[in-house]
Structures are given as structure tokens and as C-alpha cells.
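Here the protein sequences come in this chain order: A and B. The letter at position 241 of the first sequence is residue 241 when you use the numbering used here, and the numbering goes up by one with no holes. With the second sequence counted from 1, adding 1000 to any position gets you the numbering used here. Everything below concerns the one structure shown next.
2 protein chains.
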Amino acid sequence: MDATTRIEQALNQALARGETPACPPLLAEALRYSVFPGGARIRPQLCIAVAQACGDDAPELADAAAASIELMHCASLVHDDLPCFDNADMRRGKPSVHAAYGERLAVLAGDALIIMAMETLVHSATQRPERLAPLLLTVGQGVSVPAGIIPGQAWECEPNVDLAQYQRAKTGALFAAATMAGAVAAGHDPAGWRALGEKLGEAFQVADDLRDVASSPEELGKPVGQDEALGRPNAVATHGIKGATKYLKQLLDEAMASIPACAGEAELRVLLMKKAAKFLPKELAQQAA
Amino acid sequence: MDATTRIEQALNQALARGETPACPPLLAEALRYSVFPGGARIRPQLCIAVAQACGDDAPELADAAAASIELMHCASLVHDDLPCFDNADMRRGKPSVHAAYGERLAVLAGDALIIMAMETLVHSATQRPERLAPLLLTVGQGVSVPAGIIPGQAWECEPNVDLAQYQRAKTGALFAAATMAGAVAAGHDPAGWRALGEKLGEAFQVADDLRDVASSPEELGKPVGQDEALGRPNAVATHGIKGATKYLKQLLDEAMASIPACAGEAELRVLLMKKAAKFLPKELAQQAA
């Protein structure tokens, strides 16, 4: 089964558990709307890729880890789009959750996705109970205080922000959780996999900043020029387009160099370079080719 | 150590884990403000009381279970007070979290509390790893889809609502999680403890509805008359003050009758009746005495 099918099935299973007559129908609908159809599913893809490189001896656990990471990501999108944050009416080419279901259901859907992300790990760890605690802590680290994506977003509320610390938490933390959770799900020590996730996360953030200035709204599925409009710290403002593109390539090189020795190392490199090419906005990718 | 000290220590420990220099200072402050000083801590008190009735053979786990339940409760208060829900400026006798820290930090603090609630169970289950999964599922059930407190709140967004189902989810679910988690933490089967939590939860909801019409804002620490003002379904509207008071007493009787046979059964009964007396608004308690 390919990684995409595994991820979509695991996400569907996590959602289906709550879809009983006891659940308020609009909440169930908003939850499904928050998760499907997905974006690039880049974090869960990364999680499965690392699990495969590590032997993937418990695929149902790797799938749950990937789904857990993606549910956390979806929760963050739903809440970040709220009127009090980005006030974004569009996401993934359709109305954002609060635009479609109202602000109250958007708050509640995000809350539910966070807890469902943790529950999906518990349900899938019955065969490998000794991997449950480290998996929960790994996913938790990517989201929770002190340095997961929730505090990452909270840096936007501080008067003084260190750009590197902000970006490491806001994006890098969940990428690092993705690579590390892939390793834990396959019974490997996660520590060696942190750098790969952090570097790829930073690269993704820089690519996102580049797309925000160099893409069309059609390509992006949401408005462009938002970082400048909202005065958000970003790599293009710091380095310029050319400097940011160069920095992005450096980050990808560092990411590749950090991969720990493992059975599937060669295949992982090929896969990641293929995925990385999709990061760049079309125009820059052609220039870079 | 008395239950109150155990609960406050466990909550403090859960918060302290995130309070490192890596955490945005305002988020750390908002989290502490969301949890301290507490209200009656009735759910964690119930959790510890059941653990004690079941022998309390792993007190650090019972404390974590109690803290986890209370963190979930605090998260729900922070989000329920948001402008898009109750728009409440006061809570526990002080400005609500969004009134004090802004809407963005209130959303993020609620999110963080949910994940911290799950993490605190993981950190405390190292000596009893076999109790971790059932504890996580028990707490999860009280909060998540289909019938925890998040869907409970989401019933307010539905065009057609069954009052009993709404109240069972909105309040009963976390009370049931509290009694059941207390049992699981002490190595007992949780199933027999569900009814006690559900009945007490419903009793608490009825008492809350009564206080909303019969208390002063000073006694309550928040505005009174909110159910009627917001058109929320409530027991006083359905049964009247006298009928609701009678129903409350019936629920307490049923709760007591449901307690499973266990070593600390007698002490538990005494403790619960003492706590239950505090449920009622002062005036009604005097009438009932």
C-alpha cells in the first residue's frame, strides 16, 4: 500500500471513531471538512518515509503516528485561520472552517482534533504497548509547551520575538515530531532523527515565505502577500528572494547530511529530494532546475 | 497529604514542565492564570476520592489523573468564555483569560491545556505502564467525540437538541471520566464507576442552573441569569426552581446507590454527601437543611 493510501485510511479511521449518532452532526461534519481533502500531507509523508527507512516493523503504528501528526497540523490550521489570528476566509482552495461552519464550531473542531490525535496513538498501540509512551511524548513535544507549534503561534503575541526561535517552534517542531515519531513507531531511537525534521521544517517555512511572494492565489489555494500585509516576520523580508532561495538549498543539503545510518537510507534520500522539489513555487523551481 | 494539596501539587507540576526559557512568557503566564487559583476543583476531588475508595495503590498516578481531568476542565472554561461562545468577561471572580490576555492567547492556552492534560498522564505512568492506555482512553472519552465535553458544547450549535443528551455530554462526561479515571489509576475496572460520575455530573449541572437564578454574582464569581439571557436549555426552565431542587436530590440519591462495593465505600459516601452540600446555592441549602 502506498504512503498516501496509508495516511488517508488512518485519518479516515480516526475520524470514523467519533462519527456515531451520539456526536452532534455539525461537529462531525466540521471535523471531516477540516481534514479532507488534505493539502500535500507533507508531515505524515515524512513520518511514514522515516518509519520505512527504519524497517517499518509495525506499520499500523506508523500509520497512526502519521495520522496523529496530520490531525495536530489540521487543528493548528483551523485555529490559526480564526478571525482573532489570520482571519483567513480560504484554506486549501475552499472556505476555511470558521467561514463554512462558524467560529464556535471551528474552535471546537480544533480542540477535538488535538485530543483525537492523541487517542489515535492509543488505539493503535495495543500490539506494541511499550512504544505508546515515547510516541505520545514525541508528538506532544511537537505541539505543546514549551516549544511546540502552539507556543510557536504564541510568539506572535509577544512584544519581543527571536525569529529563529519563532520559526523553529511554529514549523520546525511538528516536522521534528514527524521524523522522530516515524522512528519510534518502527522501534528506533528518535534522537538521531530530530535534525532531519528541524532542517526540513525550516526549509519548508522558507519555501512557504517564498511562495507567499512568488505564487498566484490559484497555485497556493489561499491569498498571497499575507506575511507582508500582516507584518509577520519572514525569510524574504530578512534575506530577499535570492538570498532566501539560496538559504533554502543550504537547509536541504544540511537535512540530507543529517540522516542517520539505517537500512532504507538510500531510498529515503531519493524520496525526500523528489518531495523537496515540490516545495518551491513553480517559477522558482524552473529557475533552480 | 490531603486531596487538595495533592491536586494543587500535581497541577503545579504539569504547568512547571512547560515553564522553561523556550516558552513564550505571556503564554506561560496565561496558562498559570487559567489554572490558578482554582474553583472548587470538584472533578479532581472526585477522582482522588474514588482512587482512595479503590485502595489508592499508585497515588502519583491518581494525582496525575486528577490533574489531567482538571486541566481539561480549565481548557473548556477558557474556550467557553470566548467572545464567540459565552463572551464572559469574568470567571472565578477575576477577568476571564481572553479579557486578561486577549483572544489569541486564550485560544492557544486552551489548546495547550488539552495536550498538557494527556502529557501529564504519560509522565506519571512510568511505574504502571499497563494503566496508561486505559487512563488515556478514559480521560479522552470525557472530552472527545462522540460524547465528551467538546461535543457537549457543540450541541449549542445544532438546530435540534435533546436536553438530556446535551447535559450528559456537556457536564456528565467529564464527571464520569473523573470517577472512572480514579478507579483506573488505582488498578480497578472503571465500568462500575461510570454511573456515579454521570449522576453527580447531572446533579452538578442542575445545581449550576439553580445557582444561575438563585445566587448573587459575588457568590458565583461570574454574572448570574446567563442561561435565560443566552436562551440556553436548563433545568430551571424545564422544571421550575422547586422541581429542579427535588430532581437534584433524586440524582444525589441515585448517585449514592450506584457506588460499587469497595474497601473505602463508607468513607466515600460520607465525603460525597459533605461535598454535595456545597453544590447548592446558600439560600437553597438552608431551605434544604
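Where is the CB? At the ideal position from N, CA and C, for every residue including glycine. The structure displayed is predicted, hence computed values, not measured ones.
Q: Give the C-beta separation of B/V1184 and B/I1069 to the nearest angstrom, bearing in mind that I take them to be a contact with Cβ-Cβ under 8 Å.
A: Position 184 of the second sequence, counted from the first residue, corresponds to residue 1184 of chain B. Position 69 of the second sequence, counted from the first residue, corresponds to residue 1069 of chain B. Contact between B/V1184 and B/I1069 is ruled out by a C-beta separation of about 12 Å, above the 8 Å threshold.
**Request:** Report yes or no: is there a C-beta of chain B within less than 8 Å of the C-beta of A/D2?
**Result:** Along the first sequence, one-based indexing puts residue 2 of chain A at 2. For A/D2, the answer is no, since every Cβ of chain B falls outside 8 Å of its Cβ.
*Using a Cβ-Cβ cut-off of 8 Å, state whether B/I1150 counts as contacting chain A.*
Residue numbering aside, residue 1150 of chain B sits at position 150 when the second sequence is read from its first letter. At a cut-off of 8 Å, the C-beta of B/I1150 has a neighbouring C-beta in chain A.
**Request:** Could you work out which residue in B/I1042, B/P1190, B/L1121 and B/K1246 is closest to B/C1262 when comparing CA atoms only?
**Result:** Here residue 1262 of chain B refers to the residue found at position 262 of the second sequence. When only C-alpha atoms are compared, the closest one is B/P1190.
*Is there at least one Cβ from chain D nearer than 8 Å to B/M1116's Cβ?*
Among the protein chains in the structure shown, which are A and B, there is no chain D.
task = Provide the residue span of the alpha helix (DSSP H) that contains A/N12, from first to last.
result = Position 12 of the first sequence, counting from 1, holds the residue named residue 12 of chain A. That run of the alpha helix (DSSP H) goes A3 to A16.
How many angstroms separate the CA atom of A/A62 from the CA atom of A/L136?
-> Reading the first sequence from its first residue, position 62 is the one you call residue 62 of chain A. Reading the first sequence from its first residue, position 136 is the one you call residue 136 of chain A. Rounded to the nearest angstrom, the two C-alpha atoms are 13 Å apart.
Give the straight-line distance between the Cα atoms of A/G148 and A/G201, rounded to the nearest whole angstrom.
Counted from its first residue, the first sequence places residue 148 of chain A at position 148. Counted from its first residue, the first sequence places residue 201 of chain A at position 201. When only Cα atoms are considered, A/G148 and A/G201 end up about 12 Å apart.
| What residues from chain A crowd round B/Q1153, counting only those whose CB sits closer than 7 Å? | Looking up residue 1153 of chain B in the second sequence gives position 153. Those are L108, listed as they occur along chain A.
Original post:
Along chain B, which residues have their Cβ under 9 Å away from the Cβ of A/R104?
Top reply: The residue given as residue 104 of chain A occupies position 104 in the first sequence. By Cβ distance, chain B contributes L1082, C1084, F1085, Q1153, A1154, E1156 and C1157.
Less than 8 Å between the C-beta atoms of B/L1071 and B/M1116, yes or no? Sequence index remark: in the second sequence, residue 1071 of chain B carries index 71 (1-based). Sequence index remark: in the second sequence, residue 1116 of chain B carries index 116 (1-based). It is a contact, given that the beta carbons lie within the stated cut-off.
### Message
On the criterion of 16 or more Cβ atoms from any shown chain inside 10 Å, does B/L1113 qualify as buried, or is it exposed?
### Response
The sequence position of residue 1113 of chain B within the second sequence is 113, counting from 1. By the neighbour-count definition (other C-beta atoms within 10 Å, threshold 16), B/L1113 is a buried residue.
Check whether the stretch 1031 to 1046 of chain B and the stretch 1092 to 1104 of chain B touch, using three or more Cβ-Cβ pairs below 8 Å as the test. Yes, the stretch 1031 to 1046 of chain B touches the stretch 1092 to 1104 of chain B.
Checklist line | Proximity of B/G1264 and B/A1053 at Cβ, strictly below 8 Å | finding: Taking the second sequence and counting its residues from 1, the one referred to as residue 1264 of chain B is at position 264. Taking the second sequence and counting its residues from 1, the one referred to as residue 1053 of chain B is at position 53. Between B/G1264 and B/A1053, the gap from beta carbon to beta carbon is short of 8 Å.
For A/E60 and A/S258, what's the separation of their Cα atoms in angstroms? Mapped onto the first sequence, residue 60 of chain A falls at position 60. Mapped onto the first sequence, residue 258 of chain A falls at position 258. Approximately 27 Å between the Cα atoms of the pair.
My understanding is that A/V78 touches A/S34, with C-beta atoms under 8 Å, so please give their C-beta distance in whole angstroms. On the first sequence, residue 78 of chain A is found 78 positions in, with the first residue counted as 1. On the first sequence, residue 34 of chain A is found 34 positions in, with the first residue counted as 1. Confirmed, about 5 Å.
Exercise. In chain order, what residues of the same chain lie with their CB nearer than 6 Å to the CB of A/L252, ignoring the 5 residues before and after it?
Worked result: For the purposes of this step, residue 252 of chain A is taken as residue 252 along the first sequence, with counting starting at 1. Once the five neighbours on either side are set aside, the close Cβ partners of A/L252 are A203 and A276.
Other residues of its chain near A/E218: CB distance less than 8 Å, five sequence neighbours each side excluded:
Counting from 1 along the first sequence, the entry for residue 218 of chain A is found at position 218. Cβ contact annotation for A/E218 (same chain, cutoff 8 Å, sequence separation greater than five): none.
Just to confirm my understanding: we take B/I1196, look at its own chain, exclude 5 residues before and 5 after, and list those with CB closer than 7 Å. What are they?
Taking the second sequence and counting its residues from 1, the one referred to as residue 1196 of chain B is at position 196. Per the sequence shown, residue 1196 of chain B should be read as Leu rather than Ile. Excluding positions up to five away in sequence, the list reads T1179, A1255, S1258 and I1259.
Inspect the beta-carbon positions of A/P24 and B/P1233 and report whether they are closer than 8 Å. Position 24 of the first sequence, counted from the start, is the residue given in the question as residue 24 of chain A. Position 233 of the second sequence, counted from the start, is the residue given in the question as residue 1233 of chain B. 8 Å or more divides the Cβ of A/P24 from the Cβ of B/P1233.
Does the Cβ-Cβ distance between A/A133 and B/A1125 come in under 8 Å?
On the first sequence, residue 133 of chain A is found 133 positions in, with the first residue counted as 1. On the second sequence, residue 1125 of chain B is found 125 positions in, with the first residue counted as 1. Yes; because the gap between Cβ atoms is below 8 Å, this pair is in contact.
For this session: Kindly give me the distance between the Cβ atoms of B/V1206 and B/Y1247, rounded to whole angstroms, as I take these residues to be in contact under 8 Å.
Result: On the second sequence, position 206 is the one that residue 1206 of chain B refers to. On the second sequence, position 247 is the one that residue 1247 of chain B refers to. Between B/Y1247 and B/V1206 the Cβ distance is about 6 Å, and since that is below 8 Å, they are a contact.
_As a quick exercise: from B/R1211, B/K1199, B/A1186 and B/A1181, pick the residue whose alpha carbon is nearest that of B/A1169._
Indexing the second sequence from 1 puts residue 1169 of chain B at position 169. Closest option to B/A1169, Cα to Cα, is B/K1199.
At what residues does the alpha helix (DSSP H) containing A/Q141 begin and finish?
Translated into positions along the first sequence, residue 141 of chain A becomes position 141. Counted as a single uninterrupted DSSP element, the alpha helix (DSSP H) harbouring A/Q141 occupies residues L132 to V143.
Please report whether the beta-carbon of A/E254 lies at a distance below 8 Å from any beta-carbon of chain B.
Here residue 254 of chain A refers to the residue found at position 254 when the first sequence is read from its first residue. By this cut-off, A/E254 is not an interface position.
B/T1171: first and last residue of the uninterrupted alpha helix (DSSP H) it sits in: Taking the second sequence and counting its residues from 1, one reaches residue 1171 of chain B at position 171. No residue range can be given for B/T1171, since it is assigned to no alpha helix (DSSP H) and is classified by DSSP as neither H nor E.
Neighbourhood of B/D1111 by C-beta, 8 Å cutoff - its chain only, sequence neighbours within 5 removed: Looking up residue 1111 of chain B in the second sequence gives position 111. Excluding the 5 residues flanking it on each side, B/D1111 has same chain C-beta neighbours closer than 8 Å at A1075, in chain order.
Under the assumption that B/P1146 contacts A/T20 (Cβ atoms under 8 Å), give the Cβ distance between them as a whole number of angstroms.
-> The residue given as residue 1146 of chain B occupies position 146 in the second sequence. The residue given as residue 20 of chain A occupies position 20 in the first sequence. That pair is a contact at about 4 Å.
query = Any idea if A/A30 is buried or exposed, counting beta-carbon neighbours within 10 angstroms, 16 or more meaning buried?
reply = Counting from 1 along the first sequence, the entry for residue 30 of chain A is found at position 30. Under this definition A/A30 is a buried residue.
*Pick helix, strand or coil for B/K1094, following the three-state DSSP scheme.*
In the second sequence, counting from the first residue as 1, residue 1094 of chain B sits at position 94. Note: B/K1094 maps to strand in three-state DSSP.
* Output the distance between the C-alpha atoms of B/Q1045 and B/T1004, rounded to the nearest integer angstrom. => Here residue 1045 of chain B refers to the residue found at position 45 of the second sequence. Here residue 1004 of chain B refers to the residue found at position 4 of the second sequence. About 7 Å.
Next on the checklist: Within the continuous alpha helix (DSSP H) that includes B/C1157, where are the two ends?
Outcome noted: Looking up residue 1157 of chain B in the second sequence gives position 157. Taken as a continuous stretch (DSSP letters only), B/C1157 belongs to no alpha helix (DSSP H), as it is neither H nor E.
Using DSSP with H/G/I as helix, E/B as strand and the rest coil, what is B/E1103?
-> Taking the second sequence and counting its residues from 1, the one referred to as residue 1103 of chain B is at position 103. It is helical.
What residues from chain B crowd round A/H79, counting only those whose CB sits closer than 7 Å?
As a first step, residue 79 of chain A is located in the first sequence; it is residue number 79 there, counting from the start. Those within 7 Å of A/H79 in chain B are V1107 and D1111.
Check: Exposed or buried, what is A/S215 when buried is set at 16 or more other beta-carbons lying within 10 Å of its beta-carbon?
Finding: Here residue 215 of chain A refers to the residue found at position 215 when the first sequence is read from its first residue. Label assigned to A/S215: buried.
At 4 residues or longer, what runs of the alpha helix (DSSP H) sit wholly inside the stretch 1203 to 1248 of chain B? The stretch 1203 to 1248 of chain B contains these whole alpha helix (DSSP H) runs: 1217 to 1220 and 1226 to 1230.
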